[in-house]
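A.B. asks: Residue numbers (this note's numbering): 148 to 553.
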Ligand code: C5P
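1) Given residue 375, which residues of its chain have a CB within under 6 Å of its CB, disregarding the five upstream and five downstream residues?
2) Below 8 Å on the Cβ atoms is my guess for residue 331 versus residue 378; work out the distance and round it to an integer in Å.
3) For residue 248, which residues of its own chain have a beta-carbon under 8 Å away from its beta-carbon, when the five flanking residues on both sides are left out?
4) Indicate, with yes or no, if the ligand C5P has a heavy atom lying under 7 Å from the CB of residue 497.
5) Cβ atoms of residue 428 and residue 338: under 8 Å apart, would you say?
6) Can you grab the Cα-Cα spacing for the pair residue 499 / residue 438, in whole Å?
7) Starting from residue 531, follow its DSSP beta bridges and name the residues at the other end.
8) My output table needs one value for residue 499: the three-state DSSP class, helix, strand or coil.
9) Entirely within the segment 280–353 and at least 3 residues each: give me those beta strand (DSSP E) ranges in chain order.
10) Measuring CA to CA, which of 401, 371, 451 and 389 is closest to residue 540?
11) Quick check on residue 148: does DSSP put it in helix, strand or coil?
12) Between residue 237 and residue 208, how many whole angstroms is the CB-CB distance? I'm expecting something under 8 Å.
13) Extract the residue ranges of the beta strand (DSSP E) inside the segment 455–498, only unbroken runs of 3 or more that lie entirely within it.
14) Mind checking which residues open and close the alpha helix (DSSP H) that includes residue 417?
15) Locate the beta strand (DSSP E) running through residue 388, then write down its first and last residues.
16) Is it buried or exposed, residue 200, if we count other Cβ atoms within 10 angstroms and call 16 or more buried?
17) Using 7 Å as the cut-off, classify the Cβ of residue 347 as near or not near the heavy atoms of the ligand C5P, replying yes or no.
18) Would you call residue 274 buried or exposed, if buried means 16 or more other Cβ atoms sit within 10 Å of its Cβ?
19) Which whole-angstrom value is the C-beta distance of residue 262 and residue 231, which I expect to be below 8 Å?
20) Please report how far the alpha carbon of residue 310 lies from the alpha carbon of residue 413, in whole angstroms.
21) Can you find a C-beta in chain C that's less than 8 Å from the C-beta of residue 354?
22) With H, G and I counted as helix, E and B as strand and the rest as coil, what does DSSP make of residue 212?
23) Between which two residues does the beta strand (DSSP E) harbouring residue 374 extend?
24) For residue 259, is the classification buried or exposed, using 16 other Cβ atoms within 10 angstroms of its Cβ as the cut-off for buried?
25) Mind checking whether the beta-carbon of residue 500 lies closer than 7 Å to any heavy atom of the ligand C5P?
26) Helix, strand or coil for residue 569 per DSSP?
27) Nearest-angstrom Cα distance between residue 486 and residue 424?
28) Going by DSSP, name the residue or residues bridged to residue 403.
29) Pull up the distance between the alpha-carbon of residue 529 and that of residue 229, whole angstroms please.
30) Mind checking whether residue 537 and residue 518 have CB atoms under 8 Å apart?
31) When we look at the beta-carbon of residue 166 and count the other beta-carbons within 10 Å, is it buried (16 or more) or exposed?
32) My understanding is that residue 405 touches residue 390, with C-beta atoms under 8 Å, so please give their C-beta distance in whole angstroms.
33) Using only the alpha-carbon positions, how far apart do residue 386 and residue 301 sit?
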């Protein structure tokens, strides 16, 4: 879901402008950040002040520009520790070879490096320097150190340099830096960013012969909504789906299968994951030996008998202890009577951590419908959730999963 209005409304960036001819591009970056609704507080190093004035940064950012470490007024208004944490993200653009070296060494001789050492926020650097400085072994080692510590980098671009040379070292263009800032700030709002999770959804089709199959009424709506909600929180979702008539959710890797055995194989292939949510209505039985040819009616009117075999229980398989077990396994239980008691017993029997129980009796009517009324059964007991849209159930469950994996 794209939020309405400016994309960075309410977000705060602490922008450190260090020395170099590219410092003028910081002005454009501030303009872009402000246009997206971000608050921008600038810190100008002594080197940076050789290229841009505090006044121009202040005019564009509409905030006081900080330049000195030992300023009595600033210390009384806002200490440097507080300043380093006043933003959601610290950006160094342009980042000179000198400030990168001082960051790598952990020096804190001026306001900018003190803030970089004191901050508890993510840091993004946009290096800009002469090509020989950028490719020097010292800079390469400093960059490797910073990256290993989790500092994010907008790599410099290749091109003609102010000094007349050609090569990588030119500050990335402000829109590219802005895009990276947006990605990092959104990342912070995505508690499951990059975490692998697995969701099963829909029915399975168990062939009787090439044209007939055993199936059930599952629409896939609940499972697909859960996959979409987890993806919204940043998870890398693999959705293993039986045949459904609804579209694949966005931002999700979908593996389409038909039978329970194919579903199990696809789930195994998706491991390791941190959480598995089994929403699929897997057929309990398959036809033991499906006919290779269409079964024909006989002249005598005899009816064929189907010999059934038990399908693998995917939820129980994923819940089984072992080194590859997901940290959190969630099952669903469609029940028609004595909901909580049956579901509590099922949680224990299947070995999953949570079980979401829903009433599929005629009165409950969850199967195939748009709404669901569920109970979350955990080791601690059961929680009754009010009747709500399946999408709302999905969002609430995804948020709970994010909390559990935090
Ligand atoms: O046993 P029952 O089918 O009621 O259990 C429902 C739960 O078990 C659901 O989470 C469903 O996805 C999962 N399940 C499974 N493989 C099966 C049967 C059920 O993963 N063969």
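For every residue, glycine included, the Cβ atom is placed at its ideal position computed from N, Cα and C.
C.D. replies: Concretely, from the data shown:
1) Hits under 6 Å: 396.
2) At roughly 18 Å, the Cβ-Cβ gap does not stay under 8 Å, so residue 331 and residue 378 are not in contact.
3) Excluding five sequence positions before and after residue 248, the CB atoms of its chain that fall closer than 8 Å to its own CB belong to 285, 286 and 289, given in chain order.
4) Short note on residue 497: C-beta closer than 7 Å to some heavy atom of the ligand C5P.
5) No, they are not a contact pair.
6) Distance between the alpha carbons of residue 499 and residue 438: 35 Å.
7) DSSP, once it has assigned bridges, lists 522 as partnering residue 531.
8) Coil.
9) Listed in chain order, they are 304–307, 313–317 and 343–348.
10) Nearest to residue 540 by C-alpha distance, out of 401, 371, 451 and 389, is 371.
11) At residue 148 the pLDDT is 39, less than 50, meaning the model places this residue with poor confidence and gives no usable figure here.
12) Not confirmed; about 15 Å, so no contact.
13) Segments of the beta strand (DSSP E) lying fully in the segment 455–498: 455–457 and 475–482.
14) 407–417 is the extent of the alpha helix (DSSP H) around residue 417.
15) For residue 388, the enclosing beta strand (DSSP E) begins and ends at 383–388.
16) With fewer than 16 Cβ atoms within 10 Å of its Cβ, residue 200 is classed as exposed.
17) Within the cutoff, so yes.
18) Under this definition residue 274 is a buried residue.
19) 4 Å between Cβ atoms; contact.
20) About 56 Å.
21) The structure shown contains no chain C; it holds only a single protein chain.
22) Here residue 212 carries a coil assignment [DSSP, helix/strand/coil].
23) No beta strand (DSSP E) contains residue 374, which is instead part of the alpha helix (DSSP H) from 368–379.
24) So residue 259 ends up on the buried side.
25) Not under cutoff, so the answer is no.
26) Because the chain spans 148 through 553 in this model, residue 569 falls outside it and cannot be assessed.
27) In this structure, the CA atom of residue 486 is about 20 Å from the CA atom of residue 424.
28) Paired residue(s): 388.
29) Roughly 43 Å separates the two Cα atoms.
30) Yes, the pair counts as a contact, with Cβ atoms nearer than the cut-off.
31) Classification of residue 166: buried, given that the 10 Å Cβ count is 16 or more.
32) Between residue 390 and residue 405 the Cβ distance is about 6 Å, and since that is below 8 Å, they are a contact.
33) A straight-line Cα-Cα distance of about 32 Å links residue 386 and residue 301.
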